[in-house]
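Heads up, the sequence shown is in our numbering, so the first residue is 1 and it goes up one at a time. Written out below as structure tokens is the structure these notes cover.
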Amino acid sequence: MSLGNFSTIGTQYTEGEHQRPLPSEAYTRGEALRQVNTRPNLHMLDAELDQLNTSFTQTGAIIEKYARLETVKRILQSLTPQEKNELARDRSPDGYRYSRRLRRVGISRRDIEVALPTSGAERDAFLHSFDEYNVLRQLIGND
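Given below as structure tokens:
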């Protein structure tokens, strides 16, 4: 295995002398992943929203956008109670607001309501931000 020259000081790797360490039992049995896999649906949502943030102008791309929007709707319907609470706090790990990003890609209020806890101040604040962003977009003619 050749690692290439990506360092000015060398890799300190000698083929035949150094080997990758074996994973621990917790990793091979999947226990380590289960401990950190606490928001799988939100990870998928973030990935789909990243893809939807790109431009879709060609016919094939428009079909892809529709398919991705349908995927986002399915993800929203699949959120666990913990994920719904995190979504309602309206901050992604990357720092963007879910309410505005979901509205920007064309998700409806009805689809959003399914993805939120049934009550609470965070839910109300999320929906307010979602609706406010909708009004702003209509005022400036971007909807």
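Ideal placement from N, C-alpha and C gives every residue a C-beta, glycine not left out.
Here the alpha carbons of Gln12 and Ala61 stand approximately 46 angstroms from one another.
Segment contact: the region 62-75 against the region 116-127, fewer than three CB-CB distances shorter than 8 angstroms; contact not assigned.
The Cβ-Cβ distance between Asp90 and Ser78 does not fall below 8 angstroms. With respect to the C-alpha of Thr38, the residue from Thr80, Ala26 and Arg20 having the closest C-alpha is Thr80. The C-beta separation of Arg101 from Leu49 comes to about 5 angstroms, placing the pair in contact by the 8 angstroms criterion. Apart from the 5 residues on each side of it in sequence, Asn53 has no Cβ closer than 6 angstroms to any other Cβ in its chain. Within 10 angstroms of the beta-carbon of Leu33 lie fewer than 16 other beta-carbons, which makes it exposed. Between the alpha carbons of Phe130 and Glu122 lies a distance of about 12 angstroms. Distance from the CA atom of Thr14 to the CA atom of Arg103, rounded to whole angstroms, is 53 angstroms. In this structure, DSSP gives Glu15 a state outside helix and strand, which the three-state scheme calls coil. Asp124 is not a Cβ neighbour of Ser92, given a cutoff of 8 angstroms.
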